[in-house]
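Chemist:
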């Protein structure tokens, strides 16, 4: 199957492309960026096998052209929390209008179900069960979930939305919660680094999230589903301790308040819809992240 991955030049898109290729699918990347360096750092020369298409998710015509000829869709393109706060109108155009463009194009091209990225940002800082976002990003994502339900009700286009909290792993460099991944890289580079938040949060390894998207984008789905994707709830001191165990010379600290999302989000079971999904422990996920950056430094001659 040819799967369209919107936002495919980014961190999660690169890991999703990696998994889809491993499962025998072909991938069309749709992104405003033409920079392939992050994708190449994750999947190597296999990046040359991807079909690349540049465009704007907020443009219905661009999205229409991107969907044509595809059998599955994984919609990841988004502006993250800081960017939405800085430019709310553009955030709405990308996150909400972009999602509506995807559903409309799926309808026109006969695609009967798709996967899309929601976020644990739909929850507020004190309740991980009932959505009550306190950020524009979370508000836009909650509106996307409602739009997906409407498309099932009105057009019978099925969907699966996912609500991860902190996705970490090789390549995560953007967004307010990227600190733990950046800390792994900085530790190996010998630089001091301060994770810009404190408290507890739920950490989920990127390949686990990619596996969920790959499953949802490549199988027929009936209904409008939304699943919380949980990893492991940990404190920032625990994250720092795990990195220090992997890189004893690390100089990592933390400052600031907690993330604006409850750490303990409600447990959902996607197994009846998606089958069994992998679960990577924090220790193993951080080890994979550190090893990735260590190998990159060796290749560059800096290790």
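Residue numbers (UniProt numbering): 1 to 303. Glycine is no exception: its CB is placed at the ideal position from the N, C-alpha and C atoms.
What did DSSP end up calling residue 235 once you bin it into helix, strand or coil?
Modeler: In this structure, residue 235 counts as strand in the three-state DSSP scheme.
Chemist: Classify residue 237 as buried or exposed, calling it buried when 16 or more other Cβ atoms lie within 10 Å of its own Cβ.
Modeler: It counts as exposed.
Chemist: Starting from residue 203, follow its DSSP beta bridges and name the residues at the other end.
Modeler: Paired residues: 166 and 232.
Chemist: Which whole-angstrom value describes the C-beta separation of residue 84 and residue 20, a residue pair presumed to lie in contact below a C-beta threshold of 8 angstroms?
Modeler: The Cβ separation is near 28 angstroms, so there is no contact.
Chemist: Quick check: the region 95-107 against the region 130-145, are at least 3 beta-carbon pairs closer than 8 angstroms?
Modeler: The region 130-145 is in contact with the region 95-107.
Chemist: Can you find at least 3 beta carbon pairs, one from the region 104-122 and one from the region 187-200, that sit closer than 8 angstroms?
Modeler: No: fewer than three Cβ pairs fall under 8 angstroms.
Chemist: If you drop the 5 nearest sequence neighbours on each side, which residues of the same chain put their C-beta closer than 7 angstroms to that of residue 68?
Modeler: Here the set comprises 109.
Chemist: Using DSSP with H/G/I as helix, E/B as strand and the rest coil, what is residue 192?
Modeler: Three-state result, residue 192: coil.
Chemist: What's the gap between the Cα of residue 45 and the Cα of residue 52?
Modeler: Going from the Cα of residue 45 to the Cα of residue 52 covers about 14 angstroms.
Chemist: Give me the DSSP bridge partner(s) of residue 28.
Modeler: In the DSSP output, where bridge partners are listed per residue, residue 28 has 4 and 51.
Chemist: Please classify residue 173: is it buried, with 16 or more other beta-carbons within 10 angstroms of its beta-carbon, or exposed?
Modeler: So residue 173 counts as exposed.
Chemist: Taking residue 104 as the reference, which of 150, 86 and 254 has the closest Cα?
Modeler: Comparing Cα positions, the closest option is 150.
Chemist: Exposed or buried, what is residue 170 when buried is set at 16 or more other beta-carbons lying within 10 Å of its beta-carbon?
Modeler: Flag for residue 170 reads buried.
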